[in-house]
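Contents: one structure, followed by commentary.
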Amino acid sequence: MTVEQQQFNFASSRRCTFQYVPKDLSQNPISFVVEIPLNEFQQVDEYIAHIIATNNISRPFHQDVADAFREFVTAQTQQFEEELGDVLVGQLMQQSTECENAISLVNAFISTYGCNNGSTLSSPQSTPSFSEKFQFVMRNSSHQRIEMIISMEKKMFSEMSLLVRTRDLEMEMITRECENAIGSSGKEDGLSANEEQLCRLNDRIREVNENYSRQIQTLADQHRYEYRKLISSLFDRDEFPPDVFNSFCETTAIKKSVSAVADIGRAKPLIESRFEESFTIYLGAQLKTMHNARLLTARRLSDLCHPVDYSDANDFETRRLHINLSLYRRGLNGLLLLVDRNPYFHIHNRTDFAKMCEQSTELHFDSLEKQLEEIFYSANEANKHRFEESELQGLGDYILNSGDVYLTKHSNLASFQASFFIVIFHLVVDDNLETEEISSRHPCINGLKNVIRLASKFGITTIGIPLLLVEKTSEKTTVAWCLKRAELVFKCVKGFMMEVCAGNSTAGVGPPAAVHYNVNFILPNDLAENVYTQIIEMFPTLFHLVPSVVVE
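Given below as structure tokens:
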């Protein structure tokens, strides 16, 4: 085993060549270039799967190659860190004349390299992040502690959803008054009186909306503070903070009366699919990878991510436990939503997705509005650099163009069939997409490609994709149009997945470390039954299905 090194920057990484001669003399020597240190989103097992698959290593020698590569990565990473440390210390020693003693020298070193300034060193006094604390608590706490955490999440969910429903009910009542006033304003008599009434109702709507917005923001801040204080206390002392615990007990004592009020006006979401069909498929010619594909229907894409209903205690606790244990791991779930070019599309249009996000406090990530605000400024800055030194024209009143993709993170959304969504991809589309014929070079298809690449990079193994790239049908979406659009998306997704799965093999004697993807192709719920049937029949002609096992 030898290492070939290239010139590298100590602040970033270096490229090394892993060379290994298999014990099976009939096989050629292995040579593989890897970047040290490994990317934080890349696992060693994925590299091993790629090496074994591309070199056709026999199964008896899989473990030998895996052990050799792990040893190689460990040794090279340690060597890289040692050389990096020597260089940094050497640079500091050259400036040691400015330090009076050893203590001053150490303090100068920490102040120079201890902060998050791009170097690979961090201050020994740095405190763990909330995500690190949360993962530690969920891994090491007793079931009583975890049960208390989930109970507090349930209490916060009920408080926020009750406040939101109360606001919606009051706003609906005022809106009806406005409609009645507008309906009677057509009469000649009392026209001025109706105008005055409309002005008063207008002001009342604005006041009520602002009042509830402040209440919701205050309650969300309180929830986040209490929740993070709870996790920090369990991490530091393995005990509940007294004030948070007392507040929780007081709320639990009147839980039944609150639940009775909360049930008013609640409509439990019915997420039903008119049609559903599942397949197990192979991708690739020689190096096959196995994945699951499913076709289903939905009234709206956002219907697939309704918040967890806390009225069913067992269901809520099971889902929250699943989410908490999987929140910061690989194997996440993602959903692709279609939006227009306005980054604040969900906020300005009060979409169903935005309403679902506000049903409960986002305890782990920023709120939807804040995430969209950051996306707005990031896209705006990117556009400035993009058009600064080019002859391209700007995007007009918008900062996003068709085919652009941005994503938001959520920990308070459930999904279809007792799962959950952590990452929501937002694909920017235009109105012409519902009628015009597109090709594989269309910006939206390129955006779909970027979605699949991001999913592969960040460990998102389950993803929902609108098959027709539209959320609902119209009179212009004919049968021929639907079949042609479905065939295009099927073929493109197949090609994109083959790219990201290159090197992972599960057919025959492939390694067990390959990544399995679950792709849900979502169709509009009002699609004609014959169209759905033809799409089902088209699927086996485009994908290689895994043979069914027949038991006699």
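Quick note on numbering that gives the first Met the number 0: the sequence shown kicks off at 0 and runs consecutively. No residue lacks a Cβ here, since even glycine has one placed at the ideal position from N, Cα and C. Owing to the predicted nature of the structure, the values given are computational and were not obtained by experimental measurement.
For the pair Arg175 and Arg166, the Cα-to-Cα distance works out to about 14 Å. Per DSSP, the beta bridge partners of Phe278 are Ala292. Measuring C-alpha to C-alpha distances from Leu336 to each of Arg318, Ala381, Asn411 and Val450 identifies Val450 as the nearest. Judged by DSSP secondary structure, Arg13 falls within the beta strand (DSSP E) whose first and last residues are Arg13 to Tyr19. DSSP places Leu218 in the helix class (H, G or I) of the three-state scheme. Per the DSSP secondary-structure output, Ser30 pairs in a beta bridge with Gln18. Secondary structure in the region 316-343: no alpha helix (DSSP H) run of 4 residues or longer lies completely within the stretch. The C-alpha of His290 lies about 29 Å from the C-alpha of Ser30. Judged by DSSP secondary structure, Ile521 falls outside any alpha helix (DSSP H) and instead within the beta strand (DSSP E) spanning Asn517 to Pro523. Per DSSP, the beta bridge partners of Tyr405 are His425.
Cα atoms of Ser183 and Arg205: separation of roughly 22 Å, rounded to the nearest angstrom. In the same chain as Leu331, and ignoring 5 residues on each side of it, the C-beta atoms closer than 8 Å to its own belong to Ser325, Ile421, Val422, Phe457, Gly458, Ile459, Thr460 and Thr461, in chain order. In the DSSP annotation of this structure, Ile437 is not part of any alpha helix (DSSP H), being labelled neither H nor E.
By the Cβ test, the region 73-88 is not in contact with the region 57-65, since fewer than three Cβ pairs between them sit closer than 8 Å.
When C-beta atoms of the region 226-236 are compared with those of the region 194-203, fewer than three pairs fall below 8 Å, so the two segments do not count as touching. Apart from the 5 residues on each side of it in sequence, Ala219 sits with its Cβ closer than 6 Å to the Cβ of Thr360 in its chain, given in chain order. Residues of the same chain with a CB within less than 6 Å of the CB of Gly446, apart from the 5 flanking positions on each side, are Gly402, Val404 and Leu426 in chain order.
DSSP places Leu544 in the strand class (E or B) of the three-state scheme. Counting along the chain, the unbroken alpha helix (DSSP H) around Gly182 starts and ends at His142 to Ser183. Counting of Cβ neighbours within 10 angstroms places Phe17 among the buried residues, the total reaching 16 or more.
Residue state for Pro36 is assigned as coil, using DSSP reduced to three classes. By the criterion of a C-beta distance shorter than 8 Å, Leu453 is surrounded in its chain by Val404, Leu406, Phe424 and Ile459, once the five residues flanking it on both sides are discounted. For Lys493 against Leu282, the beta-carbon gap comes to about 7 Å, under 8 Å, which counts as contact.
In the displayed model, Ala52 falls within a helix according to three-state DSSP. Under DSSP, Ile451 takes part in no beta bridge, so it has no partner.
Per DSSP, reduced to three states, the secondary structure at Pro127 is coil, with no helix or strand assignment. Under the three-state reduction of DSSP, Gly494 is assigned to helix. Proximity to Tyr19 across Arg58, Asp66, Leu87 and His515 peaks at Asp66, based on C-alpha coordinates.
Under the DSSP assignment, Gly89 falls outside any beta strand (DSSP E), being part of the alpha helix (DSSP H) whose first and last residues are His61 to Gln93. If you look at Gly463, you'll find it in the beta strand (DSSP E) that goes Ile459 to Pro465. Judged by beta-carbon spacing, Arg328 lies beyond the 8 Å limit of Ile149, meaning their Cβ atoms are not closer than that value.
Exclusion of the five residues before and after Ser140 leaves Leu233 as the residues of its chain whose Cβ lies within less than 7 Å of its Cβ. Taking C-beta separations shorter than 7 Å and ignoring five residues to either side along the sequence, the partners of Pro36 in its chain run Ser12, Thr76 and Phe79, following chain order. Beyond the five residues adjoining it in sequence on each side, Ile215 comes within less than 8 Å, by CB distance, of Met159, Leu162, Val163, Arg166 and Glu357 in the same chain, given in chain order. Restricting attention to Leu466, Asn431, Met151 and Glu82, the CA atom closest to the CA of Phe239 is found in Met151.
If you look at Phe352, you'll find it in the alpha helix (DSSP H) that goes Asp351 to Cys356.
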